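Peer 1: Structure incoming, see below.
In my numbering, the protein residues as written are 157 to 269.
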């Protein structure tokens, strides 16, 4: 009887570890797909190349998007646009999402006169 309990515990632990690994794989795979598709979506929607930083933690996804000050002032709802996009196309990631919008540093031109 003792051997049967030990076998059941080992099999249960193995199944639990496998399930955890599978859910983390799906979450990471969705995060990679989101990173690729969100960049194109934002570029098409706002007409500017965004600076995107996607951070994937154990149970959390953070998105930092950088735009110029003009775009941020023109479109005040960039954060809600990103949240709506993630909710529509990646609903599993929308529960644990944080979005931050920041102004990009403007590049100085090094033109010689």
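The beta-carbon is built from N, C-alpha and C at its ideal position, and this holds for glycine as well. Please read these numbers as outputs of a predicted model, since none were measured by experiment.
Taking all protein chains shown into account, decide if residue 242 is buried (16 or more other Cβ within 10 angstroms of its Cβ) or exposed.
Peer 2: The residue is buried, with at least 16 neighbouring Cβ atoms inside 10 Å.
Peer 1: Is residue 228 closer than 7 Å to residue 261 when the C-beta atoms are compared?
Peer 2: For residue 261 and residue 228, no; Cβs fall outside 7 Å.
Peer 1: Identify whether residue 203 lies in helix, strand or coil by the three-state DSSP scheme.
Peer 2: Of the three classes helix, strand and coil, the one that applies to residue 203 here is coil, per DSSP.
Peer 1: What three-state label does DSSP hand residue 232 in the structure shown?
Peer 2: Residue state, collapsed to three classes: coil.
Peer 1: Express the C-alpha separation of residue 240 and residue 176 in angstroms, rounding to a whole number.
Peer 2: Computed Cα separation, rounded: 28 Å.
Peer 1: Could you give the first and the last residue of the continuous beta strand (DSSP E) run that contains residue 221?
Peer 2: Per DSSP, residue 221 belongs to the beta strand (DSSP E) from 217-223.
Peer 1: Run the CB neighbour count on residue 221, radius 10 Å, all protein chains shown included, and call it buried at 16 or more, exposed below.
Peer 2: Looking at its Cβ environment, which holds 16 or more other Cβ atoms inside 10 Å, residue 221 is buried.
Peer 1: In whole angstroms, what separates the C-alpha of residue 230 from that of residue 224?
Peer 2: So the two alpha carbons sit approximately 10 Å from each other.
Peer 1: Which residue comes first and which comes last in the beta strand (DSSP E) that contains residue 259?
Peer 2: Its beta strand (DSSP E) spans residues 253-259.
Peer 1: What is the residue span of the alpha helix (DSSP H) that residue 291 lies within?
Peer 2: What is shown of the chain runs 157 to 269, which leaves residue 291 out entirely.
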